[in-house]
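Here the structure comes first, spelled out in structure tokens, and everything after it is commentary.
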Amino acid sequence: MRDAARNDVIARLRSIAGHLKAVERMIEEDKYCVDVMKQTMAVEKALERIDVLILEEHLATCVADSFRQGKSAQTVKELAEIFSTARK
5 MRDAARNDVI ARLRSIAGHL KAVERMIEED KYCVDVMKQT MAVEKALERI DVLILEEHLA
65 TCVADSFRQG KSAQTVKELA EIFSTARK
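Number 18 in our numbering belongs to position 14 of the sequence shown; there are no gaps in the numbering.
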């Protein structure tokens, strides 16, 4: 992963970690369930965005390198597996 992408993902993960701590506090303080769920859904969306960033980076770097090295079949299989897992 290139440095800029790595730094972006790490920053987003740290933000999500803080967000999760806030959700934990909401639960401890017995906040309204719908408000808590809104926050957990926001965390899920943030994680989905990280998945997209990682996939974009993977396609731009690892997959491109793999195709250049003649390892396209293995790479296609890996991508198919991850998409299959994501749909479960």
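Cβ atoms here follow ideal geometry from the backbone N, Cα and C, with glycine treated the same way.
Since the structure is predicted, the reported quantities are computational estimates derived from the model, not experimental observations.
Between the segment 10 to 26 and the segment 64 to 82 there are fewer than three C-beta pairs closer than 8 Å, too few to call the two in contact. In this structure the segment 47 to 57 touches the segment 18 to 30; the number of beta carbon pairs closer than 8 Å is three or more.
Residue 8 and residue 90 have their C-alpha atoms spaced approximately 25 Å apart. Short of 6 Å from the beta carbon of residue 43, and not among the five residues preceding or following it, lie these beta carbons of its own chain, in chain order: 27. Cα atoms of residue 33 and residue 22: separation of roughly 17 Å, rounded to the nearest angstrom. In the DSSP assignment, residue 30 falls within the unbroken alpha helix (DSSP H) covering 7 to 32. The residue among 58, 41, 20 with its C-alpha nearest the C-alpha of residue 6 is 58.
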